[in-house]
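Quick mapping for you: the protein sequence lines, in order, are chains A and B. Residue 386 in my numbering sits at position 386 of the first sequence, and the numbers go up by one each step. Residue 256 in my numbering sits at position 256 of the second sequence, and the numbers go up by one each step. Note that the Cβ used here is the ideal one computed from N, Cα and C, for glycine as well. Keep in mind that this is a model prediction, so the values were computed, not measured. Everything below concerns the one structure shown next.
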Amino acid sequence: MSASDSRPVVLRGGRIIDPSQRIDERADLLIANGVIEGSGANVSAPDDAVVVDCADMVVSPGFIDVHCHLREPGRSDVETIASGARAAAAGGFTAVCAMPNTDPVIDNPAAVGYVHRQGLAAHAARVYPIGAISVGQKGEALAEFGEMVSAGAIAVSDDGKPVVSAQLMRSALEYAQTFGIPVIDHCEEPTLAAGGAMNEGIVSARLGLRGIPSEAEEIMAIRDILLARRTRGHVHLAHMSTRGSVELIRWGKERGINVTAEVCPHHLSLTEEAVEGYDTNAKMNPPLRTADDVEALREAVRDGTIDLVATDHAPHHYDEKEREFANAPNGIVGLETALAVVVTNLVVSGILDLPTLIERMACAPARLFHLGGGTLRRGAPADVTVFDPARRWVVRPEEFLSKGRNTPYRGMTLTGRAICTIVGGEIVYQLAGA
Amino acid sequence: MSAAAPIGKDLLGLEPLTGDQIRLILDTAEPFKEISERAIKKVPALRGSTVVNLFFENSTRTRISFEFAEKRLSADTVNVAAGGSSVAKGETLVDTARNLEAMRIDMVVIRHGASGAAQFLAERIDSNVINAGDGTHEHPTQGLLDLLTLRDNFGDIAGRKVTLVGDILHSRVARSNIWGLQKLGAEVAVCGPRSLLPNAIDEMGVTVFPHIEDAIEWSDALNVLRLQLERMTAGYIPSLREYNRVFGVTRERLDAAQRDVLIMHPGPMNRGVEIDSDVADGPHSVILNQVTNGVAVRMAVLYLLAGGRPELAEAAKGGAA
Numbered sequence: 001m002s003a004s005d006s007r008p009v010v011l012r013g014g015r016i017i018d019p020s021q022r023i024d025e026r027a028d029l030l031i032a033n034g035v036i037e038g039s040g041a042n043v044s045a046p047d048d049a050v051v052v053d054c055a056d057m058v059v060s061p062g063f064i065d066v067h068c069h070l071r072e073p074g075r076s077d078v079e080t081i082a083s084g085a086r087a088a089a090a091g092g093f094t095a096v097c098a099m100p101n102t103d104p105v106i107d108n109p110a111a112v113g114y115v116h117r118q119g120l121a122a123h124a125a126r127v128y129p130i131g132a133i134s135v136g137q138k139g140e141a142l143a144e145f146g147e148m149v150s151a152g153a154i155a156v157s158d159d160g161k162p163v164v165s166a167q168l169m170r171s172a173l174e175y176a177q178t179f180g181i182p183v184i185d186h187c188e189e190p191t192l193a194a195g196g197a198m199n200e201g202i203v204s205a206r207l208g209l210r211g212i213p214s215e216a217e218e219i220m221a222i223r224d225i226l227l228a229r230r231t232r233g234h235v236h237l238a239h240m241s242t243r244g245s246v247e248l249i250r251w252g253k254e255r256g257i258n259v260t261a262e263v264c265p266h267h268l269s270l271t272e273e274a275v276e277g278y279d280t281n282a283k284m285n286p287p288l289r290t291a292d293d294v295e296a297l298r299e300a301v302r303d304g305t306i307d308l309v310a311t312d313h314a315p316h317h318y319d320e321k322e323r324e325f326a327n328a329p330n331g332i333v334g335l336e337t338a339l340a341v342v343v344t345n346l347v348v349s350g351i352l353d354l355p356t357l358i359e360r361m362a363c364a365p366a367r368l369f370h371l372g373g374g375t376l377r378r379g380a381p382a383d384v385t386v387f388d389p390a391r392r393w394v395v396r397p398e399e400f401l402s403k404g405r406n407t408p409y410r411g412m413t414l415t416g417r418a419i420c421t422i423v424g425g426e427i428v429y430q431l432a433g434a
Numbered sequence: 001m002s003a004a005a006p007i008g009k010d011l012l013g014l015e016p017l018t019g020d021q022i023r024l025i026l027d028t029a030e031p032f033k034e035i036s037e038r039a040i041k042k043v044p045a046l047r048g049s050t051v052v053n054l055f056f057e058n059s060t061r062t063r064i065s066f067e068f069a070e071k072r073l074s075a076d077t078v079n080v081a082a083g084g085s086s087v088a089k090g091e092t093l094v095d096t097a098r099n100l101e102a103m104r105i106d107m108v109v110i111r112h113g114a115s116g117a118a119q120f121l122a123e124r125i126d127s128n129v130i131n132a133g134d135g136t137h138e139h140p141t142q143g144l145l146d147l148l149t150l151r152d153n154f155g156d157i158a159g160r161k162v163t164l165v166g167d168i169l170h171s172r173v174a175r176s177n178i179w180g181l182q183k184l185g186a187e188v189a190v191c192g193p194r195s196l197l198p199n200a201i202d203e204m205g206v207t208v209f210p211h212i213e214d215a216i217e218w219s220d221a222l223n224v225l226r227l228q229l230e231r232m233t234a235g236y237i238p239s240l241r242e243y244n245r246v247f248g249v250t251r252e253r254l255d256a257a258q259r260d261v262l263i264m265h266p267g268p269m270n271r272g273v274e275i276d277s278d279v280a281d282g283p284h285s286v287i288l289n290q291v292t293n294g295v296a297v298r299m300a301v302l303y304l305l306a307g308g309r310p311e312l313a314e315a316a317k318g319g320a321a
């Protein structure tokens, strides 16, 4: 993104909401030389400026997704870093963090560098690599955090798998402090979750599918919180899905433990009922839980117990999902529906106001993961999302920029859509006809 | 044959059926019982129909029972066992389904290790699909033959008390029994070690008896489920010996009860584990009646799915030409 030669941009007449500066006002935003130049009423546009009419739109710091699977290297048939970065931009994300559970695993500086370079070449959303915690994600030896950070890694995770060894998790939380990066854990007690295909409850009992109890997540969540207390390291808990996890995180935060957490849009909007009929697009890990869990997670996003929303974007080839439920892979695509799912389920219903949504989707990810962006402060890199919080649209997976089509939201009418996504001062996405 | 079958296109489970639909199948089975008692056990009701028995899991009893039912209705049948088919070469279920469809078959009877496999198939092919057991989900024809056997003995199932004994968690027979019995107005209980009951059993509308003695005392009939031997190695129960001691249906326990209790078992039995031999072979056992009824019930299901009109079942079986 050679910001210096891009044209200036004027975002005209939008509602600028920037929680990092406590700004919520109708004004113009001027972008030049890749940075935020300033805002105000009737900013005069430079002669060569691109002017975007933002009436009725929200102008926000760019959204950042700290959790997505871009499948490259290894499964470029399912997603590439480039297609994923374009899908991210179309969803209003100016940056995404790519999980390292690819083939091969991103567990060394050369692999991290590869992801970083592919991200730059995509000219879409920024792509920040996440390195593995353990070599090969085998849960045995620590990967070279320092070398990976030097090559561009911004966090470490064995996501897709839990860190089973408490001792290894402890070491990771201690060792990561040298580099100031969070350690992200996929909380799943493997013996309780073994063979599970959905939430354990009445629906799994009726469908005859092996259940994954809430405790499989909660046991690991409290283990990690206690290890963060012991080590004073920063543990970030991925894709929290249960009321119990929320209560444990709240317990940890009340005691000043350095724990942060994310929730996925699907866990804020769908329940285990979506599995009825053995719909493999409702199969993910952690599984969709109960209405009571959804209620607790929504409240946790509102009150900040859950710090941020992340997609866990997980594309699969269509015929991989066209299987018996127990044998189908976990995960759904999320980059292009995340904003709308959150707006539809939390903003329209009055649980979340727009400044809080932006805090959870843009500011908190930047702040907690020590990334650029997350602010419209003068002089900051111009990563900006323009979205229409009232726009209704029908989810048509065939129109996704992601290669993945696996979504449980197919055919649903959702509210809220990214209109224009700006990265480093360049417009990388603009909704056709908007 | 009319287009709209009164029980729908497929038989995937008893949970989706109404009480009236279940009663219709049982009523339709009644006249078919007699065919198996004839010297020439064949009627032309399904002449010209092609049925594939697609068994991804081993089965002796269910497969043979279906095959007899099909042949006694004069259908053309093909048996496919997963071990010797393209499935063993890695073909997916959806490809298997498309290939069968391309051969213009009329019905598929499927047994598969994955819950939902029958529905998966039914949603992708136009042929009628009969679930012969999918994972730990349902085994509807077993449920129906159990209901028919109960009806033979009690006249009316409504108000009767039936307990399913054993491994409810992994049992497709248990689920089909629970839904079928409830829809016909029976009171249903389960009895077994808590480690072999679904965690959400309390939400399934059944009574839970922790002790077999209490279950026997309460019940008009016991349906004793097979204990899969691998439950022991998987850590659900410590030993077969202890299982028999705590949950076994024994002569002594039945004698201690105040009334006669009908004994059922879907087979194959582990004698001396979940059921003692003198119970299985005793005067209140209807285990072999279940097997006989299995053929009649499956004939009824095949007949109804093929579009046969229930009121003509009597005529259909009489119409041997």
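By the criterion of a C-beta distance shorter than 6 Å, ASN345/A is surrounded in its chain by LEU268, SER269, once the five residues flanking it on both sides are discounted. Using a 10 angstroms sphere on the CB of THR80/A, the tally of other CB atoms reaches 16 or more, which defines it as buried. Just measuring C-alpha positions, the residue of ASP126/B, LYS42/B, HIS112/B, ARG194/B sitting nearest MET103/B is ASP126/B. For SER39/A against ARG377/A, the beta-carbon gap comes to about 10 Å, at or over 8 Å, which does not count as contact. Looking at VAL105/A, ILE130/A, ASN108/A, the one whose alpha-carbon comes closest to that of VAL96/A is ILE130/A. Look at TYR114/A: its C-beta is not under 7 Å from any C-beta on chain B. Using a Cβ-Cβ cut-off of 7 Å, LEU227/A is close to nothing in chain B; its nearest Cβ partner there is about 28 Å away.
Taking the beta carbon of SER115/B as reference, the chain A residues within 9 Å of it are ALA197, LEU207, GLY208, LEU209, ARG210, TYR278, GLU324, PHE325, ALA326, listed in sequence order. In this structure, DSSP gives ALA257/B a state outside helix and strand, which the three-state scheme calls coil. Setting aside the 5 residues that flank it on each side, ILE201/B is surrounded in the same chain by ILE168, VAL190, VAL208, each with a C-beta closer than 8 Å to its C-beta; the list follows chain order. Counting only unbroken stretches of 4 or more residues, the alpha helix (DSSP H) elements lying wholly within the segment 216-291 of chain B are 230-233, 240-247, 251-256, 277-280, in sequence order. Using beta-carbon distances, GLU273/A does not count as an interface residue toward chain B, since no partner is under 7 Å. For the segment 117-141 of chain B, the residues whose beta carbon sits under 8 Å from a beta carbon of chain A are, in order, ALA117, GLN119, PHE120, ASP134, GLY135, THR136, HIS137, GLU138. Near chain B, meaning a CB-to-CB distance below 8 Å, no residue of the segment 232-261 of chain A qualifies. Put simply, the backbone Cα of LEU222/B is about 17 Å away from that of LEU184/B. Residues of chain A with a Cβ closer than 9 Å to the Cβ of GLU15/B are, in chain order, ARG206. Using beta-carbon distances, GLY201/A counts as an interface residue toward chain B, with a partner under 7 Å. Among the residues facing chain A, ASN199/B is included, as its CB has a counterpart in that chain under 7 Å away. In the DSSP annotation of this structure, the continuous segment of the beta strand (DSSP E) that includes ASN131/B starts and ends at 128-134.
The C-alpha of THR96/B lies about 20 Å from the C-alpha of PHE66/B.
Residue pairing by DSSP places MET198/A opposite GLY211/A in a beta bridge. Taking all protein chains shown into account, LYS321/A has 16 or more neighbouring C-beta atoms within 10 Å of its C-beta and is therefore buried. For ILE64/A, the enclosing beta strand (DSSP E) covers residues 63-68.
Nearest to GLU213/B by alpha-carbon distance, out of THR292/B, ILE263/B, PHE247/B, GLY155/B, is PHE247/B. ILE257/A and ALA172/A have their C-alpha atoms some 16 Å from each other. Along the length of the segment 352-398 of chain A, whole beta strand (DSSP E) runs at least 3 residues long occupy 384-394, reported in chain order. Considered as a whole, the segment 159-195 of chain B harbours 172-183 as its complete alpha helix (DSSP H) runs of no fewer than 4 residues, in chain order.
According to DSSP, residue pairing for TYR429/A in a beta bridge involves THR421/A.
Sequence-distant partners of GLU218/A (beyond 5 residues in either direction) whose C-beta falls short of 7 Å from its own C-beta, in its chain, are THR242, GLY244, SER245, LEU248. Near chain A, meaning a CB-to-CB distance below 8 Å, the residues of the segment 184-208 of chain B are PRO198, ASN199, ALA200, ILE201, GLU203, MET204. The straight-line gap separating the alpha-carbon atoms of VAL343/A and TYR409/A is approximately 14 Å. The alpha helix (DSSP H) runs of length 4 or more contained entirely in the segment 82-125 of chain B are, from start to end of the chain, 93-102, 117-122. SER115/B sits buried, since 16 or more C-beta atoms from the chains shown fall within 10 Å of its C-beta.
A straight-line Cα-Cα distance of about 53 Å links VAL309/A and ASN270/B. For GLY146/A, the uninterrupted alpha helix (DSSP H) run begins and ends at 145-150, by DSSP. Between the C-alpha atoms of ARG86/A and GLN118/A there is a straight-line separation of about 12 Å.
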